[in-house]
Each structure stands twice: as structure tokens, then as C-alpha cells.
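Engineer: Before I ask anything, here is the structure I am working with.
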Amino acid sequence: MKYTDYYAALGVERGASADEIRKAYRRLAQKYHPDVSKEPGAEAKFKDVAEAYQTLKDPEKRAAYDALGSQPQGEEFRPPPDWSRQHGGNGFEQPSFDDIDFADLFSRFGARGAQGARGGMPGQDFEVPAQISIEDAFHGTTLSLSLSMPEYDANGQLRRVPRTVKARIAAGAVDGQRLRLPGKGGKGFQGGRDGDLYLDISLKPHRLYRATGHDLYLDLPLSPSEAALGASLEIPTLAGAVTLKVPPGTSSGRKLRLSGRGLPNPRGGAGDLFAVAQIVVPGALSDAERESYQRLAENSSFEPRRHFRGDGT
Amino acid sequence: MSIETEVLWLDEHRVVSLRELVEISGLGEAELLELVHIGALQAQDNVSGGYSFSARVITAARTACRLRDDFELDTHGLGVALKLLERVHDLEKEIARLRAEMPGS
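Each protein sequence line maps, in turn, to chains A and B.
Quick note on this note's numbering: the first sequence kicks off at 73 and runs consecutively.
Quick note on this note's numbering: the second sequence kicks off at 7 and runs consecutively.
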């Protein structure tokens, strides 16, 4: 395993007082806590800071950490002989350090205090972000999640176990949807309940559609003649192409609703698809087109900026 | 080992009891009830007298537990933080909706 310098993670000296450690943690937690920070990489930074604080705030754990000696950050490392018997918590011997993370060394110290009403230590809950496509949200999908979870075996040894969890996501998941997979987090120990796995669903950006809740928005480019005269157009939807009647006199920004063509609602019904009209013109006109537009300009009484003149109201 | 597993949607159509919420969130019963009392968490109307909650509340209650542990907050501080976070989430949702409606975005 690789050595982690907890004092460096908090930006304090090795001899820092408990108060200095707490203040350093609070300052960094304000900056990086994932529930309040939008900084890139905040979650990973907070994880390092919290891991360091969990150990250094507890005198027993801090003494065990200090007994490991000071090593360069990230250097390959093994605890000294007898360290786990003297400091391993709960009286368990850890014969192998091959399959565990540095943080796992200190995790069992709280085991006695964390024992629940049913006895044993509950397994850890995990939250995992899961990004799916709009097509997957529409049709439903099965996610295959590869996770590495710390688990105690029957002898009380801690090790990281690779686990694959398959989760069927029914059609109709929306951005921000949370899902709970009971008992699929870390394994409980000595009769403690297994932890839960939480999935935080987000939708990948799509080349055509933008989703908000179960509704979808689609830009609908129209030529000036289609917008003015109306048109019958083929529109792509997630269930296949449909025909949309664009009414005559459609201006840019008008939303044309295709009822029930959005994402399905798992509780029944479906959102809508809105085609947002955008009048577009060619970058270069042919001679014939220019002539037609000029004739239209001469013959039209349309005043798009009439309201600029104002009448004082 | 690969197992296809039960997936519960944390939405307003699923209801959890106070006891379940205590077990799932990591908050104590008294803390949860105080957060309900100060309006930071919403309980459902329940004619039988016991508290029940929309499963949506699980997310907020778990956030509350993290904030309590990570910032060492008392229940009143937690209540303020939860209300402000809810406002932030509502505003982010509104921005996302407006962006979705905006052509060319």
C-alpha cells in the first residue's frame, strides 16, 4: 500500500495541536465539501481531507498513525511488525496488507462504538454517480457497476473486494434521479446490516434533445418561407419520426408541443417534446433568391420593429 | 460475482416510515423530528398519527447526516444549511429548465 501523509493533507505540522487540526479541517471542509462546493475535483479533495481528519482528530488513531513513522507521500509502504497487534483496533491481527487501502488501516478503530442495536458493525453506504444517455432514459437500461469495496472476512480481516452490481434502470429516469439499491453497499460485520448503494443519475448531453424533467426540447430550424407560410415537417423523436404541422406565421422562439413525445414517466404518462422554432437564412444567396427576397421586401408591409417607435405607453 | 439487484426509486411515490428513515439516513429520531419541526424536512400528512415521508426525503436526510458529521453542526445549524441547499437546488433546477428551453444552447 502507499503511504498517505495526513498532516500534509490538512496542511499542518506533525506536532499540531488538536485545535489546529480541527481549524485546518474546518477551513478545508468549507472549501471542498461536495454538498457545498462546486470546485472541480472538490469531492476527491474532501475525501482526502476527511480521511486525514478522521484519523488525526482521534487520539488513539493519531497515536497509531504516528507509530507508522513519517514517510514520503505516496511511497510504497508496510506497517512495522506488531503494529496491527498494538494498534489494529478490536484486537484483530491483520496478517496481510496486500488487499487494503491506507485508510482501511484505521477504519476498524470505531468498530466497538459503531455496533448497532442488532449487534455487529453496519456496512458502509456508497454513492455512485451514473451517467446514462437520453435514449437509455427513454428505453430503460441495465447498468453494470464495477466497485471495489472494503469488506471484513469471517476472520475479521479487512480486504478490498471487487464487486460487479447489475442494476436495471426502468424507463423514465430523469436528471437528478436518485436510486437506492438496498444491501448492495459494503458488507456488514458480525451481524451488522449490509450498507446500501445509491445511484445519482444524470443524463449525458444529446446532439438533438435537451431534457428538463420528463420534457424534451429540440431546436427546429425553419426557413423564412416555412415560418411565414407554414409547413408539414418530419421531426425526429425518441420513438421514431413524426409529422409536425408548423402553423403559418411562426416566429423564432415559438414552442410547438408534441404531446407525450418526451421521456416516459414510470408512474404513467410521458413528458412532452417541444420543438423550438428558429428561423435561419442561408449565409449566401443565389441570384434568384436575392431577387425573390428583394421583391418580397418591396411588396411587404410587415414592420417587425413597429414597437420601437413607441407611443409613450 | 454479478447480481442483478432490486432498485428503489427515491421519489414522491414511495413512502418510508420514521423508523426506516432513521435506519437509512444515520440521523437520530429526535434529530429528524426537530428538522421536521423547523421545516427543514417535510413529513407527509398521516392520519394514523405516525410520521411518514416521501422517499425523496431520504436524499435530504442523508445529506443532513453528512453535514452534521463533516461540519460538526447542531440541529439548528443543520436546518439552516438544509434550507439554503434546497434553495440552491431549486435555483439550479430552474436554470437547467431555462437553458433547456433556450434555442441553440
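Quick reminder that beta carbons are idealized off the backbone N, C-alpha and C, glycines included.
Are the CB atoms of residue 334(A) and residue 344(A) within a distance shorter than 7 Å?
Structural biologist: Along the first sequence, one-based indexing puts residue 344(A) at 272. Along the first sequence, one-based indexing puts residue 334(A) at 262. The answer is yes: Cβ separation under 7 Å.
Engineer: Which same chain residues, not among the five before or five after residue 163(A), have their C-beta less than 8 Å away from its C-beta?
Structural biologist: On the first sequence, position 91 is the one that residue 163(A) refers to. Low local confidence applies: a pLDDT of 49 at residue 163(A) is under 50, so the model's placement there is unreliable, and no value is given.
Engineer: Consider the Cβ of residue 253(A): report whether some Cβ of chain B lies at a distance smaller than 7 Å.
Structural biologist: The sequence position of residue 253(A) within the first sequence is 181, counting from 1. Judged by the 7 Å Cβ criterion, residue 253(A) is in contact with chain B.
Engineer: What are the partner residues of residue 148(A), as DSSP defines its beta bridges?
Structural biologist: Taking the first residue of the first sequence as 1, we reach residue 148(A) at position 76. The partner list for residue 148(A) (beta bridge, DSSP) reads 74(A).
Engineer: Given this structure, state the Cα-to-Cα distance separating residue 101(A) from residue 121(A), to the nearest angstrom.
Structural biologist: Working through the first sequence from its first residue, we reach residue 101(A) at position 29. Working through the first sequence from its first residue, we reach residue 121(A) at position 49. Near 7 Å, if we compare the C-alpha coordinates of residue 121(A) and residue 101(A).
Engineer: DSSP puts residue 193(A) in a beta bridge; with which residues?
Structural biologist: Mapped onto the first sequence, residue 193(A) falls at position 121. Bridge partners of residue 193(A): 261(A).
Engineer: In three-state terms, what does DSSP make of residue 104(B)?
Structural biologist: Translated into the one-based positions of the second sequence, residue 104(B) becomes position 98. If DSSP states are grouped into helix, strand and coil, residue 104(B) belongs with the helices.
Engineer: Would residue 101(B) be called buried (16 or more neighbouring beta carbons within 10 Å of its own) or exposed?
Structural biologist: Position 95 of the second sequence, counting from 1, holds the residue named residue 101(B). Residue 101(B) should be labelled exposed.
Engineer: Take residue 136(A) and list the residues in its own chain whose beta-carbon comes closer than 6 Å to its own, dropping the five residues that flank it on each side.
Structural biologist: Sequence index remark: in the first sequence, residue 136(A) carries index 64 (1-based). Same-chain partners within the cutoff: 159.
Engineer: Taking residue 352(A) as the query, report the chain B residues whose CB atoms sit under 8 Å from its CB, ordered along the chain.
Structural biologist: Numbered from 1 along the first sequence, position 280 holds the residue referred to as residue 352(A). Result: empty, since nearest Cβ-Cβ is about 10 Å, beyond 8 Å.
Engineer: Can you tell me whether residue 309(A) is helix, strand or coil according to DSSP?
Structural biologist: Within the first sequence, residue 309(A) is the residue found at index 237, counting from 1. Of the three classes helix, strand and coil, the one that applies to residue 309(A) here is coil, per DSSP.
Engineer: Are the stretch 41 to 50 of chain B and the stretch 74 to 85 of chain B touching, with three or more C-beta to C-beta distances below 8 Å?
Structural biologist: Segments in contact, yes.
Engineer: What residues from the stretch 49 to 69 of chain B come within 9 Å of chain A, judged by C-beta to C-beta, listed N to C?
Structural biologist: 61, 62, 64, 65, 68, 69
Engineer: Can you grab the Cα-Cα spacing for the pair residue 218(A) / residue 132(A), in whole Å?
Structural biologist: Here residue 218(A) corresponds to residue number 146 of the first sequence, with the count starting at 1. Here residue 132(A) corresponds to residue number 60 of the first sequence, with the count starting at 1. Between residue 218(A) and residue 132(A), the C-alpha separation is close to 34 Å.
Engineer: Whole angstroms are fine: how far does the CA of residue 221(A) sit from the CA of residue 185(A)?
Structural biologist: Against the first sequence, residue 185(A) aligns to sequence position 113. Against the first sequence, residue 221(A) aligns to sequence position 149. Any reading at residue 185(A) must be qualified, since the residue scores a pLDDT of 41, below 50, and its modelled position is unreliable; no value is offered.
Engineer: Below 7 Å between beta carbons: does that hold for residue 83(A) and residue 96(A)?
Structural biologist: Numbered from 1 along the first sequence, position 11 holds the residue referred to as residue 83(A). Numbered from 1 along the first sequence, position 24 holds the residue referred to as residue 96(A). Yes, these two residues count as a Cβ contact at 7 Å.
Engineer: For chain E, is any of its Cβ atoms less than 7 Å away from the one on residue 88(A)?
Structural biologist: Annotation note: the requested chain E is absent from the structure, which comprises protein chains A and B.
Engineer: Do the CB positions of residue 28(B) and residue 58(B) come within less than 7 Å of each other?
Structural biologist: Against the second sequence, residue 28(B) aligns to sequence position 22. Against the second sequence, residue 58(B) aligns to sequence position 52. No, these two residues do not count as a Cβ contact at 7 Å.
Engineer: Which chain A residues are close to residue 19(B), counting only those with a beta carbon under 8 Å from its beta carbon?
Structural biologist: For this step, residue 19(B) is matched to residue 13 along the second sequence. Chain A residues near residue 19(B): 339.
Engineer: Suppose contacts are defined by Cβ-Cβ distances below 7 Å. Is residue 317(A) in contact with residue 348(A) by that definition?
Structural biologist: As a working mapping, residue 317(A) is identified with position 245 in the first sequence. As a working mapping, residue 348(A) is identified with position 276 in the first sequence. In this structure, residue 348(A) does not lie closer than 7 Å to residue 317(A) by Cβ.
Engineer: Give a yes or no on whether 7 Å exceeds the smallest Cβ distance from residue 107(B) to chain A.
Structural biologist: Here residue 107(B) refers to the residue found at position 101 of the second sequence. Residue 107(B) counts as touching chain A.
Engineer: What does residue 110(B) touch in chain A if you count any residue whose Cβ is under 8 Å from its own?
Structural biologist: By one-based count along the second sequence, residue 110(B) stands at place 104. What residue 110(B) touches in chain A: 291, 350.
Engineer: So, under 8 Å CB-CB, residue 175(A) and residue 123(A) are touching, yes? Tell me the CB distance rounded to an integer number of Å.
Structural biologist: Here residue 175(A) refers to the residue found at position 103 when the first sequence is read from its first residue. Here residue 123(A) refers to the residue found at position 51 when the first sequence is read from its first residue. Rounded, the Cβ-Cβ distance is 5 Å, consistent with contact.
Engineer: Starting from the C-beta of residue 242(A), find all residues in its chain whose C-beta is less than 6 Å away, skip the five residues before and the five after it, and write them out in chain order.
Structural biologist: Residue mapping note: residue 242(A) aligns to position 170 of the first sequence, counting from 1. Once the five neighbours on either side are set aside, the close Cβ partners of residue 242(A) are 212, 338.
Engineer: For the ligand SAH, is there a heavy atom less than 6 Å away from the beta-carbon of residue 111(A)?
Structural biologist: Judged by which ligands are present, the structure shown has none, so any question about the ligand SAH falls away.
Engineer: Any Cβ of chain B within less than 7 Å of the Cβ of residue 326(A)?
Structural biologist: Translated into the one-based positions of the first sequence, residue 326(A) becomes position 254. For residue 326(A), the answer is no, since every Cβ of chain B falls outside 7 Å of its Cβ.
Engineer: Hey, which unbroken runs of the alpha helix (DSSP H) at 4 residues or more fall wholly within the stretch 45 to 110 of chain B?
Structural biologist: 62 to 77, 81 to 107
Engineer: For the beta strand (DSSP E) containing residue 300(A), list its first residue and its last residue.
Structural biologist: Position 228 of the first sequence, counted from the start, is the residue given in the question as residue 300(A). Segment 296 to 301 is the alpha helix (DSSP H) holding residue 300(A); no beta strand (DSSP E) there.
Engineer: Go ahead and label residue 76(B) buried or exposed: buried means 16 or more other beta carbons lie within 10 angstroms of its beta carbon, across all protein chains shown.
Structural biologist: The sequence position of residue 76(B) within the second sequence is 70, counting from 1. Label assigned to residue 76(B): buried.
Engineer: Check whether the stretch 261 to 276 of chain A and the stretch 191 to 208 of chain A are in contact - that is, three or more C-beta pairs closer than 8 Å.
Structural biologist: yes
Engineer: Starting from residue 103(B), find everything on chain A with Cβ-Cβ shorter than 7 Å and list it in chain order.
Structural biologist: As a first step, residue 103(B) must be located in the second sequence, where it is residue number 97. Correct list: 284.
Engineer: Closest Cβ-Cβ distance between residue 76(B) and chain A: below 7 Å?
Structural biologist: Position 70 of the second sequence, counted from the first residue, corresponds to residue 76(B). True, the Cβ-Cβ gap to chain A drops below 7 Å.
Engineer: So that I know if they touch, is there some Cβ in chain A lying closer than 7 Å to that of residue 88(B)?
Structural biologist: The residue given as residue 88(B) occupies position 82 in the second sequence. Chain A has no Cβ within less than 7 Å of the Cβ of residue 88(B).
Engineer: When you compare each of 144(A), 283(A), 373(A), 232(A) to residue 208(A) by their alpha carbons, which one comes out closest?
Structural biologist: One-based indexing of the first sequence puts residue 208(A) at position 136. Per the Cα distances, 283(A).
Engineer: Taking Cβ positions, are residue 75(A) and residue 127(A) nearer each other than 7 Å?
Structural biologist: In the first sequence, residue 75(A) corresponds to position 3, counting from 1. In the first sequence, residue 127(A) corresponds to position 55, counting from 1. Their beta carbons are not under 7 Å apart, which means residue 75(A) does not touch residue 127(A) by this criterion.
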